[in-house]
Amino acid sequence: MLTLAADIEVLARFGRALADPIRCRILLALREAPAHPADLADALEISRTRLSNHLACLRDCGLVVAVPVGRRTRYELADERLGHALDDLRTAVVAVEADKMCTDADAKGCC
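Residues in the sequence shown are numbered consecutively from 12, following the numbering used here.
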């Protein structure tokens, strides 16, 4: 059981980051290799402005870092263990029937 406030905050930040499908796609792309924002925007087929907002969120959550490379900036996962954590989460068995969805997820703030 988690009791340290710091541990709980880390998990909450990770959860906030994963709550958006675009941020999940960014994290999965960066799991494969570091990338420049323009390349990420093209690969994910989203605008650079939208990508920039999501990268800022992921930076604020401490999940990605911006690495200056000359006059450009490259993004990568803040810790290589995050890639392993993403793989574990992606392949974990979720105890939900595949054909059932939480019908009132928005109202309950879940799922």
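The beta-carbon is built from N, C-alpha and C at its ideal position, and this holds for glycine as well.
- Taking each of 17, 21 and 15 in turn and checking the Cα distance to residue 73, the smallest one comes out for 21.
- According to the DSSP assignment, residue 79 belongs to the beta strand (DSSP E) that extends over 75-80.
- Judged by their CB atoms, residue 85 and residue 46 are nearer to each other than the 8 Å cut-off.
- With fewer than 16 other Cβ atoms from the protein chains shown falling within 10 Å of its own Cβ, residue 19 counts as exposed.
- Residue environment: residue 95 is assigned as exposed (fewer than 16 neighbouring CB atoms within 10 Å of its CB, all protein chains considered).
- The beta-bridge partner set that DSSP reports for residue 39 is empty.
- Take residue 34, set aside five residues on each side of it, and the residues of its chain with a beta-carbon closer than 8 Å to its own are 28, 65, 68 and 69, in chain order.
- Taking 8 Å as the cut-off, the Cβ atoms of residue 36 and residue 55 count as close.
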